[in-house]
Amino acid sequence: MSGRYSEHDHEHYERPRRHTRPRTKERPRYDDAVDGVVVTVDRGRFTLLIDGTRVMAMKARPLGRKGVVVGDRVRVVGDTSGAVGSLARIVEVTERLTTLRRTAEDDDPVERVIVSNAEQLVIVTALADPEPQPRLIDRALVAAYDAGMQPLLCLTKADLADPETLLSTYRSLGVPWVVTSRGGDLTALRDRLRERTSVLVGSSGVGKSTLVNALVPDAGRDVGHVNAVTGRGRHTSTSAFMLALPDLEGWIIDTPGIRSFGLAHVQPEDLIGAFPDLDEMTGDCPRGCTHGEDEPECGLDDAVTAGRADPERVSSFRRLLAARSDPAY
4 MSGRYSEHDH EHYERPRRHT RPRTKERPRY DDAVDGVVVT VDRGRFTLLI
54 DGTRVMAMKA RPLGRKGVVV GDRVRVVGDT SGAVGSLARI VEVTERLTTL
104 RRTAEDDDPV ERVIVSNAEQ LVIVTALADP EPQPRLIDRA LVAAYDAGMQ
154 PLLCLTKADL ADPETLLSTY RSLGVPWVVT SRGGDLTALR DRLRERTSVL
204 VGSSGVGKST LVNALVPDAG RDVGHVNAVT GRGRHTSTSA FMLALPDLEG
254 WIIDTPGIRS FGLAHVQPED LIGAFPDLDE MTGDCPRGCT HGEDEPECGL
304 DDAVTAGRAD PERVSSFRRL LAARSDPAY
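What follows is the structure, given as C-alpha cells:
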C-alpha cells in the first residue's frame with residue numbers, strides 16, 4: 004500500500020479521471036461549404052442538386068434531430084463531385100420560406116413536414132375515376148393558407164365529367180383553377196407553374212404522375228391505376244421528388260398519394276388571416292370568437308346582413324373552418 008493512501012481513504016477507491024479535451028462553444032465555420040437543394044430523400048440519404056450535378060449526401064451529426072426535407076436549401080461539404088460512390092455532408096439547413104405540414108390525424112401531436120420553400124400548392128383532383136373528395140380539397144386549402152402558400156386547384160380527367168359542379172363550390176373562395184384532360188393541352192397549367200416552385204398533392208390515382216411525365220418527359224414517374232372495386236388509386240410515388248422545369252424556369256415537386264390530411268398544427272382562429280377582406284369585418288367580434296357558423300354576435304353575420312360581405316364567400320370560409328375544427332370532417 005502506498006504511503007499516500009490508507010485502506011480507508013475514499014480517494015483510493017475512486018476511478019481515475021479521464022483526461023479529455025475541454026468542451027468548447029466554438030463550432031466549425033465551414034467556409035468551404037457549397038449551396039445545394041434537396042430533391043429527394045431515401046432512407047437517410049439525400050439527393051442534392053449542386054450547380055446542375057446530382058450529389059448524394061448524408062446529414063452531419065451536429066444537425067441532430069433537425070429534419071431535412073425535399074425543397075430545403077442546404078450547405079454542403081465533402082465530396083460534391085457526384086461521382087459513383089461519393090458522399091457529401093449536409094452541415095446547415097438555411098431558413099425555410101414556407102413549410103407545408105400535415106399530421107396523420109387531427110389529434111396527432113406529431114406533425115410531418117412534407118416539403119419546404121414551395122410557393123404554390125397544386126391540389127390535384129380527378130373529376131371521375133376516382134370520384135372527387137371535397138373534404139380532402141378543403142383540408143389541403145387550409146394547409147396551404149396556414150403555410151402562406153398560393154393554392155391552385157387542378158382538375159384532371161375532364162373528358163370523364165363536367166368540372167363546373169366542383170368549380171362552383173370553390174369559385175367564391177377565389178381559388179385559381181385549371182382543367183386538364185387525358186392527352187389534352189397543358190398550356191394553362193404551364194402558365195401557372197412558370198417561375199414558381201410548386202408542390203403537387205392529391206389522393207392516389209388522380210393523375211399527378213401523369214402530369215409530371217407530361218411536363219417533364221424524361222421524369223419517368225410510375226403511373227398507376229384505380230381499383231374498380233374500391234375506387235381508390237394505388238400508390239405509385241413512394242417519396243417526394245423535385246424536378247426542374249427548364250422551359251418554365253420553375254420547379255415541381257411530386258408527392259405520394261394521400262388519403263388523409265390531418266390539421267392538428269393549424270389553429271382555427273388563425274385561418275381568418277388568409278382572408279383579408281373577411282378579417283377586416285371581424286373587428287367588433289367578441290373576444291375568443293372563432294367566426295364559425297354557431298358563434299353568437301360574429302361580425303361576419305353582421306356584414307352579411309348589411310350587404311358588406313358575400314354570403315357565399317362567408318359560407319365557404321366557414322366550411323374550411325369546419326374542416327379544421329370538426330374531426331369528423
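Reading the sequence shown from the start, the letters are residues 4 to 332 in our numbering.
Don't be surprised by glycine CBs; every beta carbon is placed ideally from N, CA and C.
As the structure is a computational prediction, the values presented were derived from the model and not from experiment.
TODO: Determine the extent of the alpha helix (DSSP H) in which residue 320 is found, giving its start and end residues.
DONE: Sequence index remark: in the sequence shown, residue 320 carries index 317 (1-based). Taken as a continuous stretch (DSSP letters only), the alpha helix (DSSP H) holding residue 320 covers 314-328.
TODO: Measure how close the beta-carbons of residue 317 and residue 281 come, nearest whole angstrom, since I'm counting them as under 8 Å.
DONE: Stepping through the sequence shown from its first residue, residue 317 is reached at position 314. Stepping through the sequence shown from its first residue, residue 281 is reached at position 278. Between residue 317 and residue 281 a beta carbon distance of about 7 Å is seen, short of the 8 Å cut, so the two are scored as contacting.
TODO: Identify which residue in 249, 253, 258, 321 has its Cα closest to the Cα of residue 242.
DONE: Residue numbering aside, residue 242 sits at position 239 when the sequence shown is read from its first letter. Answer by Cα proximity: 258.
TODO: Alpha carbon to alpha carbon, how far is residue 202 from residue 121? Give it in angstroms, no decimals.
DONE: Along the sequence shown, one-based indexing puts residue 121 at 118. Along the sequence shown, one-based indexing puts residue 202 at 199. One C-alpha to the other measures close to 6 Å.
Open item on the list: Taking the alpha helix (DSSP H) that residue 218 belongs to, which residues open and close that run?
Closed with: Along the sequence shown, one-based indexing puts residue 218 at 215. 211-218 is the extent of the alpha helix (DSSP H) around residue 218.
TODO: Assign residue 89 to one of three DSSP states: helix, strand, or coil.
DONE: Reading the sequence shown from its first residue, position 86 is the one you call residue 89. Residue state, collapsed to three classes: coil.
TODO: Taking residue 81 as part of the beta strand (DSSP E), name the residues at either end of that continuous run.
DONE: Residue mapping note: residue 81 aligns to position 78 of the sequence shown, counting from 1. Unbroken beta strand (DSSP E) run through residue 81: 76-81.
Open item on the list: Only counting the same chain, and skipping five residues up and downstream in sequence, which positions put a Cβ closer than 8 Å to that of residue 155?
Closed with: Residue numbering aside, residue 155 sits at position 152 when the sequence shown is read from its first letter. Contacts found: 123, 124, 125, 126, 178, 179, 180, 181, 195, 201.
- [ ] Indicate the three-state DSSP secondary structure (helix, strand or coil) for residue 50 in the structure shown.
- [x] Along the sequence shown, one-based indexing puts residue 50 at 47. Residue 50 falls in the strand class under three-state DSSP.
Task: DSSP three-state assignment for residue 274, whether helix, strand or coil - done: If you number the sequence shown from 1, residue 274 lands on position 271. Here residue 274 carries a helix assignment [DSSP, helix/strand/coil].
- [ ] Compare the Cα-Cα distances from residue 309 to each of 284, 68, 215, 198 and report the closest residue.
- [x] In the sequence shown, residue 309 corresponds to position 306, counting from 1. Comparing Cα-Cα distances from residue 309 to each of 284, 68, 215, 198, the minimum goes to 284.
Open item on the list: Would residue 214 and residue 176 be called neighbours here (beta carbons separated by less than 9 Å)?
Closed with: For the purposes of this step, residue 214 is identified with residue 211 of the sequence shown, where counting begins at 1. For the purposes of this step, residue 176 is identified with residue 173 of the sequence shown, where counting begins at 1. Cβ distance not < 9 Å, so residue 214 and residue 176 don't count as in contact.
Task: residue 37 and residue 74 closer than 9 Å at C-beta - done: As a working mapping, residue 37 is identified with position 34 in the sequence shown. As a working mapping, residue 74 is identified with position 71 in the sequence shown. It is not a contact, given that the beta carbons lie outside the stated cut-off.
TODO: Compute the Euclidean distance between the alpha carbons of residue 320 and residue 304, then round it to the nearest angstrom.
DONE: The sequence position of residue 320 within the sequence shown is 317, counting from 1. The sequence position of residue 304 within the sequence shown is 301, counting from 1. Spanning the two alpha carbons is a distance of roughly 12 Å.
Open item on the list: Helix, strand or coil, according to DSSP, for residue 101 in the structure here?
Closed with: By 1-based counting over the sequence shown, the position of residue 101 is 98. It is coil, neither helix nor strand.
Task: Three CB pairs or more closer than 8 Å across the segment 321-330 and the segment 292-299 - done: Touching, yes, given that three or more Cβ pairs across the two stretches are closer than 8 Å.
TODO: Determine the extent of the beta strand (DSSP E) in which residue 38 is found, giving its start and end residues.
DONE: Here the question's residue 38 lines up with position 35 in the sequence shown. It spans 37-45 - the beta strand (DSSP E) in which residue 38 sits, taken as one unbroken run.
- [ ] Pull up the distance between the alpha-carbon of residue 278 and that of residue 220, whole angstroms please.
- [x] Taking the sequence shown and counting its residues from 1, one reaches residue 278 at position 275. Taking the sequence shown and counting its residues from 1, one reaches residue 220 at position 217. Note on geometry: alpha-carbon atoms of residue 278 and residue 220 lie some 38 Å from one another.
Task: Simplified DSSP state of residue 261, which is helix, strand or coil - done: On the sequence shown, residue 261 is found 258 positions in, with the first residue counted as 1. Three-state result, residue 261: coil.
Task: Secondary structure of residue 155, DSSP reduced to three states - done: As a working mapping, residue 155 is identified with position 152 in the sequence shown. Reduced to three states, the DSSP call for residue 155 is strand.
TODO: Can you tell me which of 76, 88, 113, 81 puts its alpha carbon nearest to the alpha carbon of residue 100?
DONE: On the sequence shown, position 97 is the one that residue 100 refers to. Comparing Cα positions, the closest option is 76.
Open item on the list: Please report the straight-line C-alpha distance between residue 138 and residue 35, rounded to a whole angstrom.
Closed with: Residue numbering aside, residue 138 sits at position 135 when the sequence shown is read from its first letter. Residue numbering aside, residue 35 sits at position 32 when the sequence shown is read from its first letter. CA-CA distance, residue 138 to residue 35, rounds to 48 Å.
- [ ] Work out the CA separation of residue 141 and residue 147 for me, nearest whole Å.
- [x] Translated into the one-based positions of the sequence shown, residue 147 becomes position 144. Translated into the one-based positions of the sequence shown, residue 141 becomes position 138. If I take the Cα positions, the gap works out to 10 Å.
Task: Nearest-angstrom Cα separation, counted from residue 265 out to residue 245 - done: Translated into the one-based positions of the sequence shown, residue 245 becomes position 242. Translated into the one-based positions of the sequence shown, residue 265 becomes position 262. Note on geometry: alpha-carbon atoms of residue 245 and residue 265 lie some 23 Å from one another.
TODO: Look up residue 203 in the DSSP assignment and give the residues it is bridged to.
DONE: Walking along the sequence shown from the start, residue 203 turns up at place 200. Beta-bridge annotation (DSSP): residue 203 is paired with 125, 257.
- [ ] Please report how far the alpha carbon of residue 71 lies from the alpha carbon of residue 302, in whole angstroms.
- [x] As a first step, residue 71 is located in the sequence shown; it is residue number 68 there, counting from the start. As a first step, residue 302 is located in the sequence shown; it is residue number 299 there, counting from the start. The alpha-carbon separation between residue 71 and residue 302 amounts to approximately 42 Å.
TODO: Just the C-alpha distance for residue 89 and residue 59, rounded to the nearest angstrom, thanks.
DONE: Start at 1 with the first residue of the sequence shown, and residue 89 comes out as number 86. Start at 1 with the first residue of the sequence shown, and residue 59 comes out as number 56. Rounded to whole angstroms, the gap between the alpha carbons of residue 89 and residue 59 is 7 Å.
Open item on the list: Let's see if you can read the secondary structure: which residues bound the alpha helix (DSSP H) around residue 247?
Closed with: Stepping through the sequence shown from its first residue, residue 247 is reached at position 244. Careful: residue 247 lies outside any alpha helix (DSSP H), inside the beta strand (DSSP E) at 244-248.
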